[in-house]
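Student: Take this structure, written in structure tokens, and hold onto it; I'll ask about it next.
Residue numbers (this note's numbering), protein chains in the order written: chain X, 1 to 461; chain L, 462 to 1940.
Here you go:
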């Protein structure tokens, strides 16, 4: 260990741009054993492991780095899978540069440890070698229902099943995974990864009820009657609006609709043909990870041009810098410091351009973000065949919440006791985006795990 | 259990001592005069009270002046028979005399005369006068005809009975009661003893021998009875193991049968030891008891103070057999000791096994034997001297008065070894477990995996323990090393489950006694352990050799099996004196009753079933049963067995899962365990070994490594306390207990001091329960990786709290960059809202004043003056970091601290100069100019992270710069020894302070101590040794490298030590003389103000300032890979990644000072000065958890002055002698082209000669000094200690005579030549520890010198004609020539320089410690250069000394060169030590 002076940081190999923009396969190669070991050996094993402190799950990062360096894969696999319900997912989709790697001691000129890539390596290599997280089987007579099969629900299910508690999971979609399946494009997270995890859980005793929306296909009471506790992880699925004219034009799309349809297409399921963007000029409004996903997907779909419009500068983008870079490489155009004012429609009512105004950044506000001001008279138009609005999400508030005493706050977030994750209705727990608003996979996984901890405690004592 | 108030008034004492005797037993008044003169000339070894006249006590133990006593009796019309005795009694109540008379009468004795001893109270100081008792002599005769042996026995019996009868009166004391000796002692200065005791002026007062003693007590509350000598003994030193020895005497007392006394009489004599007495007094009690009961004089002495024998392979096997036999019932009273003792017939002196006190003797042609701490205490004509020598480590010298014969060590040993058939007895009866073990470390490899995980969880075996503690032991065979300090809460305050042994903090030696180096001085250490009944100590029988023996108290499964087989009736090897039984410590009821039941069960089986080996086993832990903490079970049983008087029958063995490191093992041993089988540790190792990463090591090898590491760790812990053998360490309970309740402490850990009493059995049990439940809990959160992750050594989110956690580090980095108050506030609130984590968190303010406006509060600049950076050496940190701190501290008018390792002289007169210069045990870079550049010189006695230990700078960190500053060679590993080799006791510290005050009279001398119960006593002693400032460091301080067990478990938090030291100084009226500083994790204004209220006037910051310049708490300082360029010498890291700036440090202290000011304003106080010592402004927070603890001792407040009143604490000795000479040589200093020559007579009272003048020269010329021979001094006589200390270039000193200890200490370019009429190898001409830390210069002595010659020499050239043990220890440079014999352990820890040794007898090679050095012959072609170089050296030596020996060698050079060895480090660049691991 502590080899950081002799070994530099190297990211995993990315597939060539010309090749990768032609398909939806993952762009990163997984480390091989030697590379994983040598990268891990760079770790200082510091007294204040900032990485695990910053990690919302507080993963055993220095510990598994040491194991990988020592080439003890079995041990690393166990360490990685203990606090994290699906480390191979987090290894791929976490914004490491803002979390563990961002806080890494060596991220001050030496180059942070490639934590995410090593994490992916551990699990992929482990699965390849036949390692598997162990489950005891259903050994308790308690049953828990989970509404929503996204990261929060899957995480909660993982820890309940590991405690031997039966879990029924209700999902309104046709596949489990929520955002992991239909939100994140395949080139970032291969869907087989999710299928593998879901399958593991099913083997462990998970009962998965698909195509079943609570309140429509089944009532909340029905579920409640059959279970000893419930967890709600229904995410944040309502797209935020820009509140400008023309938003409703038929060729102005919500980001999630686009991504979901694309994934359906990749699954070879039926999808709406309007989302075929070949040879079109695509404009995406927004600067988050979802915006990047749309941009890069559109590029892969063969769009003529793909442009991102973002109000602040590159430095202030909420998404991961790594994804921004990848998008740049793949030929996405970025226009920074422009705020959309209007969507220009043609006579047929279709959008043909976005009217934007230039902005300038001022001093930092309390949250540390720079304040944005519009420059008067700087308006101009960006023409487009297709406009995708990617401005974030708010939680949906299905009626069963209020009907069952589950209170929500002003923007629709479920109110919970943050220590126990219990909602205002006893025995009903919640977490993930439906409580936080649109947030990270890793925070949803954390909520699911911690809710499970409280549920186990309340059910098993 | 010692209460807090006693703690404040307790003391340690050291001294000057000696004896004088007429070999032919001829009585004379001259003998008495001689003894008194000797005492007077050792005044500087004692101390003087504030009244300037009351000494700490001095005294004489004399042969009875028969003629004088008869004369006195006759004057009162009493005609004394041939057989009579005199008792000297101190009493304030004359009625008590009747009690003695009555007891005497009952015992067939008769008091025939009560004589008031005539005294002159004008000879006393006020304090002594106030406590003066009546001093009365009782003349006692036998009431019927009896043999003189019986008469003596009855005198002893009567005295003991009288003492028991009047035990409650501390003023009552019988200082002697004997037909052979009589005591004259008291609280009187040696110069006044004759004036005080008028008897001593009478020329008819004739004696044949005298033991004399001058005491230096650390406190100022001396008592008459504490003056020495005692009834048989005068002792210089300190018995480090005394707690254990006292306990063991009680155990031994259970089975005593005497040929002198009947059992009934014995019952009246017991207990052997008097309560509330000093360590020396206890040793005296015990030795006297042995002698009175007819034990042979020499056997008794050597049983109590044995020589090192266990690891001395060259010792005569018969003598070893004697010692091994004695060890079945006796353990060493261990510690620095020069003991002189007498029983009236014999008189003798014995030195401890490590030679830590000086003991020098002279035999004259006219039959006088004089032994004293120093040469020159009596004027003896050179022509009259027959022998001038000294005792070596572990040696004894005796005198048989009856036959007028001096007995040397060898004669005594020959007598001892042949006095019984010890060898035969041992051969026939003693059994070594090893003999019966086929394959060790095998069976544990098939470890029991049942519930292994649950056991690991229950016993706190986390992934961190496995990785940080166990793995290094497997890999490196030694304890894990860490860096930085301990920033976690005490076990008692933690909300996590912690190991029970975490409540115990190791004690360590500082100032009054030295720690030992267990690696380099391994030869004196031993872990030998025996099992079986302890027999009557007064009888020597073959059957007493029945013992099972192990070489370590930590045993393997195989050895445990062997041990069990000897006590198992079903086994063929069964012997009933080893009968054993195993007792489970598992329980499902409650802790307290489980403990009670266990005790009952064990007592019954020992009393009724004759069980002799009790094995406690915690293996029955299960889902339903938890277990009693092993230390609790052991401690409680140890006492219960003693209370039932059956402790001597049994040995306690612990088969336990709790021992995972040396600390946990040491706790068990300290409270009475004979052996430990660490079952969970071994099975954890075995289970780890199944991992592929260990494919290169076998399980057997791994277990062996781990076993070895624990053994080495135990040695280290013992050595910190200066204890050499585990037998002496057992039962000492040398721990501070923090936070356990009084009931638990009293019942289980009797004798240990509990600080902040708190948690009850129920509290402990509740935690056990919770943890037990968690350990067996199977939920989904620890199923894939079942162990807890840890968080005790390093931060882990959600686990143990760390005060320098990531959030705090981020917050510090943020605000020091901006200097923004808002950012500081964020940091402050993170720290101040941490909850009840540290002692200070339990206090809040309650001011007696209304808040004031902040503008009224003193300026931040005034507060800056109270701030200092803690010592961090250039070496441990980079030059960039070191200079940044210096510049920043200078900029704000605070102090920076150079640390140990020198400082570049180009910095001295600039803003990069460190105002504080440190002097530590390695003496690296300590030169006259370095000392002269200081505003304050800090003597680092101990360091918070690792008190009682030395340090090491690995070779790869020793760059050109560092080597230059330390006067060593780049790449050579540098070792700092655990003790200062010139501070083995308090009078030694006084000497070092005196030295430094001479070199730099303008500097204030500070002494850095580490917090522990009893530090108040030490602090008082340090103040009496004339220190100007005392630093009480918290045990949480940082380090570049130290064993994890030291970082975590040695010493206590600063709050405890600070409060105790402050109060003890006040009780002793010493606080006004010294400034008190504290350090240890101080961060915010709240910390500073609380520290002030607990007694600190100034505040030092270590880890905090490092974080300010960029430290991220990586805890890899020992690896030289610090990624922020601080704790590294790596060029790239320093240049590219060090981001510390002066303004950051300035920002921190500015914001901190403002924080302090705002608190002061809220309290209504304008100056910090007013808040010092105001613990009454603190109160315990109102919180249920806080209510569990008793913080009264921390908040205790003694009335009196709270702060230093004078800038300097001026020594008693004003060094007028050298001041006068300085005047005479001043012209030469002013005009160096006009050399001067000075001639003077010198005496042993003239100390540190040369230091004052050298300092003065350094002031003007720096270390370059003057050119050769500018000042030449010709002296004659006996020079005092530290002759030629820090002697600088340009001064040459010629002494016709001899000198004492520490010749040429810190020698820097000067020349010292000592010659005497009595020259050559057989005559001593110099004392111990010469050339300590010398950097250059020359020393020629045409005689032999004492122990540890040239220790840590890094550049001086010396030639002497003989040397003692441990010569050239830790040497890093220079050339040493020894033209005669040396002692053992030559060249231990020597990493540089060379030595030539003339070995005529061809036995030198046995003396070489070959770990680091090799001895080669030089009469070869390869040795050509060396051979001729040596010749040149000898020629110069001959010119300077006219040495006969040198002439002879040169005359026969071709012949004699064959008898020379060249000793040199095996490889200067590559050492066999693993430097990274902090050896």
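The beta-carbon is built from N, C-alpha and C at its ideal position, and this holds for glycine as well. Remember, it's a predicted structure, so these values are computed and weren't measured experimentally.
Give a yes or no on whether the C-beta atoms belonging to residue 303/X and residue 275/X are separated by under 8 Å.
Tutor: no
Student: Thinking residue 106/X and residue 44/X are a contact (beta carbons under 8 Å), I'd like their distance in whole angstroms, please.
Tutor: 7 Å
Student: Checking contacts by CB at 8 Å: is residue 462/L closer than that to chain X?
Tutor: The pLDDT assigned to residue 462/L is 48, lower than 50, so where the model puts this residue is not dependable; a value taken from the coordinates is nonetheless given after this. Residue 462/L does not count as touching chain X.
Student: From the DSSP output, which residues share a beta bridge with residue 1511/L?
Tutor: 967/L
Student: Could you give the distance in angstroms between the alpha-carbon of residue 1816/L and the alpha-carbon of residue 1797/L?
Tutor: 4 Å
Student: Does the beta carbon of residue 1276/L come closer than 8 Å to any beta carbon on chain X?
Tutor: no
Student: Can you tell which of 1869/L, 1894/L and 1857/L has the C-alpha that lies nearest to the C-alpha of residue 1879/L?
Tutor: In terms of CA proximity to residue 1879/L, 1857/L leads the group 1869/L, 1894/L and 1857/L.
Student: Should residue 796/L be listed as close to the ligand PLP, given that the test is whether its C-beta is under 7 Å from any heavy atom?
Tutor: Absence of the ligand PLP from the depicted structure is noted, as is the absence of any ligand whatsoever, leaving it without description.
Student: When you compare only the Cα positions, how much space is there between residue 481/L and residue 824/L?
Tutor: 10 Å
Student: Figure out for me which residue from 353/X, 421/X and 137/X has the closest Cα to the Cα of residue 443/X.
Tutor: Considering only alpha carbons, the answer is 421/X.
Student: Using the rule of at least 16 other Cβ atoms within 10 Å of the residue's Cβ for burial, across every protein chain shown, is residue 1152/L buried or exposed?
Tutor: exposed
Student: Using CA coordinates, which residue listed in 1201/L, 1800/L and 1324/L is at the minimum distance from residue 1652/L?
Tutor: Answer by Cα proximity: 1201/L.
Student: Please name the residue or residues paired with residue 673/L in a DSSP beta bridge.
Tutor: 479/L and 521/L
Student: Between residue 962/L and residue 96/X, what straight-line distance do the alpha-carbon atoms span, to the nearest angstrom?
Tutor: 41 Å
Student: Compare the beta carbon distance of residue 1144/L and residue 1178/L with 8 Å and say whether it is the shorter of the two.
Tutor: no
Student: Bridge partners of residue 1538/L, per DSSP?
Tutor: 1492/L and 1559/L
Student: Tell me which residues of the segment 147 to 168 of chain X have at least one Cβ-Cβ distance to chain L shorter than 9 Å, keeping chain order.
Tutor: If the cut-off is 9 Å between Cβ atoms, the segment 147 to 168 of chain X has 158, 159, 160, 161, 162, 163, 164 and 165 near chain L.
Student: Taking 8 Å as the CB-CB cut-off, is residue 945/L touching chain X?
Tutor: yes
Student: Please return the same chain residues whose Cβ sits closer than 6 Å to the Cβ of residue 979/L, not counting the five positions on each side in sequence.
Tutor: Correct list, in chain order: 986, 1176, 1177 and 1180.
Student: If you run the structure through DSSP and keep just helix, strand and coil, what is residue 810/L?
Tutor: strand
Student: With a 10 Å radius around its C-beta and 16 neighbouring C-beta atoms as the bar for buried, classify residue 1936/L as buried or exposed.
Tutor: Low local confidence applies: a pLDDT of 32 at residue 1936/L is under 50, so the model's placement there is unreliable, and no value is given.
Student: Short check: CB of residue 207/X to CB of residue 169/X, under 8 Å?
Tutor: yes
Student: Taking only beta-carbon positions, decide if residue 70/X is within less than 8 Å of chain L.
Tutor: With its beta carbon less than 8 Å from one in chain L, residue 70/X belongs to the interface.
Student: Are the beta-carbon atoms of residue 147/X and residue 157/X separated by less than 8 Å?
Tutor: no
Student: With a threshold of 6 Å on Cβ separation, who are the neighbours of residue 110/X within its own chain once the five nearest residues in sequence on each side are excluded?
Tutor: If we look at residue 110/X and ignore the five residues flanking it on each side, its Cβ neighbours are 4.
Student: I'd like to know if residue 1258/L contacts chain X, where contact means its C-beta is closer than 8 Å to some C-beta of that chain.
Tutor: yes
Student: So, helix, strand or coil for residue 321/X, using DSSP?
Tutor: helix
Student: For the 8 Å Cβ check, are there 3 or more pairs between the segment 1823 to 1837 of chain L and the segment 1804 to 1813 of chain L?
Tutor: yes
Student: According to a CB-to-CB cut-off of less than 8 Å, which residues of the segment 1564 to 1577 of chain L neighbour chain X?
Tutor: 1573, 1574, 1575, 1576 and 1577
Student: If we require 4 or more residues per run, which alpha helix (DSSP H) segments fall completely within the segment 121 to 176 of chain X?
Tutor: Given a length threshold of 4 residues, each whole run of the alpha helix (DSSP H) inside the segment 121 to 176 of chain X is given here in chain order: 151 to 162.
Student: Tell me, please, whether the CB atom of residue 1144/L is closer than 8 Å to any CB atom in chain X?
Tutor: no
Student: Where in the segment 1020 to 1101 of chain L do unbroken runs of the beta strand (DSSP E), each at least 3 residues long, occur, reported from the N-terminal end onward?
Tutor: 1041 to 1045 and 1074 to 1078
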